[in-house]
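Peer 1:
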Amino acid sequence: MRHAGRSKALVASWVDFLPPPLRAQAESLRRQVQQAGPGLTESIQWGKLVFSMDGLAVLALMPARGHLNLQMLQGGAWPEAVLAERPALRGARQWRLDPSDVVDPVLLEMVVSAALVQARDRAAERPPRVPREDPV
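Right under this line is the structure:
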């Protein structure tokens with residue numbers, strides 16, 4: 001298991017390996033997501049920057065050829081206000097963000113808030129974990 005110090009270094013090196021236009025955009029999106037959801041933790045999983053709440057992956061930032069994708073995880077749905085602004089997201093699980101795109105911070109905050117609410121609902125539905133007994 002990774003501890004926080006290694007995870008932060010891993011996230012920093014993930015960002016450093018991005019091409020310059022994507023690097024600036026990833027840093028900006030990362031800051032905005034952290035401001036909108038201060039309780040989210042960051043880690044690198046499956047080659048993506050994953051934002052988690054209580055161990056449950058909520059959002060991911062994934063590099064693609066020439067752009068970034070913001071992905072809703074755990075079956076999250078885009079808020080209606082975001083769909084009204086970006087109709088192409090209807091039925092999609094990711095938001096394509098080109099380096100030239102200006103991401104509206106209000107829309108991004110709505111996405112993060114909706115993802116957190118949906119993750120809390122899913123976490124409440126999960127049965128509590130029972131610790132395993134060590135075989136002696």
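The numbers in full-length UniProt numbering rise by one with no breaks, and the one at position 94 of the sequence shown is 94. For each residue, glycine too, the CB sits at the ideal point set by N, CA and C.
In the DSSP output, what is F17 paired with across the bridge?
Peer 2: Looking at the DSSP assignment, F17 forms no beta bridge with any residue, so it has no partner.
Peer 1: Three Cβ pairs or more, each shorter than 8 Å: is that satisfied between the region 64 to 72 and the region 87 to 97?
Peer 2: Counting Cβ pairs under 8 Å, three or more are found: they touch.
Peer 1: Label K48 either buried or exposed according to how many other C-beta atoms from any shown protein chain fall within 10 Å of its C-beta, with 16 as the threshold for buried.
Peer 2: Under this definition K48 is a buried residue.
Peer 1: On the criterion of 16 or more Cβ atoms from any shown chain inside 10 Å, does G66 qualify as buried, or is it exposed?
Peer 2: It counts as exposed.
Peer 1: Between the region 105 to 119 and the region 76 to 91, are three or more C-beta pairs nearer than 8 Å?
Peer 2: Verdict: yes, contact present.
Peer 1: Three or more C-beta pairs closer than 8 Å, one from the region 117 to 135 and one from the region 50 to 67: is that the case here?
Peer 2: Flag = yes, the region 117 to 135 and the region 50 to 67 touch.
Peer 1: Restricting to Cα atoms, I'd like to know which of A9, L18, S28, F17 is closest to D101.
Peer 2: Of A9, L18, S28, F17, the residue nearest in Cα terms is S28.
Peer 1: Start and end of the beta strand (DSSP E) containing P63?
Peer 2: That run of the beta strand (DSSP E) goes 56 to 64.
Peer 1: What residue range is occupied by the uninterrupted alpha helix (DSSP H) comprising V111?
Peer 2: Unbroken alpha helix (DSSP H) run through V111: 105 to 125.
Peer 1: On the criterion of 16 or more Cβ atoms from any shown chain inside 10 Å, does A84 qualify as buried, or is it exposed?
Peer 2: The residue is exposed, with fewer than 16 neighbouring Cβ atoms inside 10 Å.
Peer 1: Would you say P21 and P99 are within 8 Å of each other, going by their C-beta atoms?
Peer 2: It is a contact, given that the beta carbons lie within the stated cut-off.
Peer 1: To which residues does DSSP link R86 through a beta bridge?
Peer 2: R86 pairs with nothing; no bridge assigned.
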